[in-house]
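K.L.:
Take a look at the following structure, please.
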Amino acid sequence: MPASLMVLKPSFFNRDPRRVARALLGKLLVRKTRRAILAGRIVETEAYLGENDDAAHAVAGKTARNAVLFGPPGFAYVYFIYGNHYCLNVSCLPDGIAGGVLFRALEPVTGIEEMAEARGIEINGPDDLKRISVLRQIASGPGRMCEALGVTRERDNDKNFTGLRSDLRILDDHYRVRRVIITPRIGIAKAAGYLLRYVIAENPFVSGPRMPHVREAAS
DNA sequence: ATATCGATTATCT
DNA sequence: GATAATCGATATG
């Protein structure tokens, strides 16, 4: 029996970002476009706390840029970074209290060819769609993931993830996450040392260098 | 395999 | 004017 597919509701996000970050692992992030449905399984997240977290954008208080983090739970906070990349977060906690979770990596599930095209990755034959080394380039990293899904601040900031008609949603297909590893967050200088990065153990689509062992069989 | 560096711009000091 | 929740390219062992 295929389990039913549930859209995550606001209450899912109305709690501590650490719990949300952990609970998001294994869920499906889905983007609907005219041409296709793009989706990936969430394999890596980071929690960003409120005004106490020196690494969080909310630390300086509410501004035009970070206002979504202070708003109601379940909304997209998208920011532009390093002059090149977008990063996607979801707001957590009730209206008025800042907090969010950064999506850092997906395992591609559907719309793989469309996502590869959006990333400028060339697919040479159906075999390429099964190679981990190729699939890993699609959405293993927050900037890559946004490029694959076509996420921009202009298009998606302040979008409601929990709307049934939203073109950006998170679905629960009852996938079971076996083991989770918690590490320091990536790419931050302040408030390093906090363990707020959540990854699915042994999953090859987590960002960063691969473990030397897990290599593909030679062709 | 690891290390270093340049790109490129919104945002804040 | 400096910085940044990144990426991809290049260099080197």
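With this note's numbering applied, the first sequence corresponds to residues 657 to 875, in that order. Built from N, CA and C at the ideal position, the CB exists for glycine as well. Remember, it's a predicted structure, so these values are computed and weren't measured experimentally.
1. By DSSP, does residue 790 sit in helix, in strand, or in coil?
2. If distances are taken between C-alpha atoms only, which option among 857, 855 and 838 comes closest to residue 849?
3. With a Cβ-Cβ cutoff of 9 Å, do residue 771 and residue 664 count as a contact?
4. Would you kindly work out how many angstroms separate the C-alpha atoms of residue 818 and residue 794, rounded to a whole number?
5. Could you give the distance in angstroms between the alpha-carbon of residue 690 and the alpha-carbon of residue 699?
6. Below 8 Å on the Cβ atoms is my guess for residue 809 versus residue 861; work out the distance and round it to an integer in Å.
7. Ignoring anything shorter than 3 residues, give me the beta strand (DSSP E) runs that lie fully in the region 677-715, in order along the chain.
8. Exposed or buried, residue 704, counting other C-beta atoms within 10 Å across all chains shown (16 or more means buried)?
9. With distances taken between CB atoms, is the gap from residue 730 to residue 760 smaller than 9 Å?
10. Which runs of the beta strand (DSSP E), 3 residues or longer, sit entirely within the region 730-807?
11. Beta-carbon within less than 7 Å of residue 710's beta-carbon, same chain only, minus the 5 sequence neighbours each way: which residues are those?
12. Residue 674 and residue 852 - do their beta-carbons sit closer together than 9 Å?
13. Is it right to say residue 737 is buried, meaning 16 or more other beta carbons lie within 10 angstroms of its own, or is it exposed?
14. Less than 8 Å between the CB atoms is what I'm expecting for residue 661 and residue 827, so what's the real figure, rounded?
15. Since residue 816 sits in a beta bridge, which residues does DSSP pair it with?
16. Smallest Cα separation from residue 753: which of 830, 722 and 821?
17. Would you grab the beta carbon distance between residue 804 and residue 775 for me? Rounded to a whole angstrom, and I think it's under 8 Å.
P.N.:
The structure says:
1. Annotated three-state conformation of residue 790 is helix, per DSSP.
2. The shortest C-alpha separation from residue 849 is found at 838.
3. Against a cut-off of 9 Å, the Cβ pair of residue 664 and residue 771 comes out as no contact.
4. Distance from the CA of residue 818 to the CA of residue 794, rounded to the nearest whole angstrom, comes to 25 Å.
5. Spanning the two alpha carbons is a distance of roughly 26 Å.
6. Contact between residue 809 and residue 861 is absent: CB atoms are separated by about 25 Å, not below the 8 Å threshold.
7. Correct list: 684-688 and 693-704.
8. Buried, because 16 or more other Cβ atoms sit within 10 Å of the Cβ of residue 704.
9. Their beta carbons are not under 9 Å apart, which means residue 730 does not touch residue 760 by this criterion.
10. With a minimum length of 3 residues, the continuous beta strand (DSSP E) runs that stay inside the region 730-807 are 732-737, 741-747 and 756-766.
11. 846 and 847, listed in sequence order.
12. In contact: residue 852 and residue 674 (Cβ atoms closer than 9 Å).
13. Exposed: under 16 other Cβ atoms inside 10 Å.
14. The Cβ separation is near 5 Å, so the contact holds.
15. In the DSSP output, where bridge partners are listed per residue, residue 816 has 731.
16. The option with the nearest alpha carbon to residue 753 is 722.
17. Beta-carbon to beta-carbon, residue 804 and residue 775 are separated by about 5 Å, close enough to satisfy the 8 Å threshold.
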